[in-house]
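This note's numbering numbers the first residue of the sequence shown as 3 and each following residue consecutively. A virtual CB, placed ideally from N, CA and C, is assigned to each residue, including glycine. Let me begin by presenting the structure, written as structure tokens, before commenting on it.
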Amino acid sequence: MPKFFCDYCDVYLTHDSMSVRKAHNTGRNHLRNVVDYYQQIGHEKAQSVIDSITSSYAAEGQSAS
3 MPKFFCDYCD VYLTHDSMSV RKAHNTGRNH LRNVVDYYQQ IGHEKAQSVI
53 DSITSSYAAE GQSAS
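Written as structure tokens, this is what we have:
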């Protein structure tokens, strides 16, 4: 069973389930790490990262159909 790695927090979640991911992603420390990350890289780079993430999610959604 693969573990989920959070790039923002540099941690592995011990149980890879949707409820554990959701609890982690809504946690105070994770949200602070995400805000710090995007503030650190600047607006232009942040927008390109967001665009690449949304396009990858869109591609996954289309291939799942």
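Nearest-angstrom beta carbon gap, L15 and K5 [assumed within contact, 8 angstroms]: To locate residue 5, count along the sequence shown from 1; it is residue 3. To locate residue 15, count along the sequence shown from 1; it is residue 13. About 6 angstroms; that satisfies the 8 angstroms criterion.
H17 to Y40 span [Cα, whole Å]: Taking the sequence shown and counting its residues from 1, the one referred to as residue 17 is at position 15. Taking the sequence shown and counting its residues from 1, the one referred to as residue 40 is at position 38. The straight-line gap from Cα to Cα measures roughly 27 angstroms.
Alpha helix (DSSP H) segment containing Y40, residue limits: Indexing the sequence shown from 1 puts residue 40 at position 38. Note, Y40: alpha helix (DSSP H), 30-43.
8 angstroms Cβ shell around A48 - same chain, five flanking residues per side excluded: Residue numbering aside, residue 48 sits at position 46 when the sequence shown is read from its first letter. These residues qualify, in order along the chain: Y40.
Where S10 falls: helix, strand or coil (DSSP): As a first step, residue 10 must be located in the sequence shown, where it is residue number 8. First, the amino acid is wrong: residue 10 is Tyr here, not Ser. Of the three classes helix, strand and coil, the one that applies to Y10 here is coil, per DSSP.
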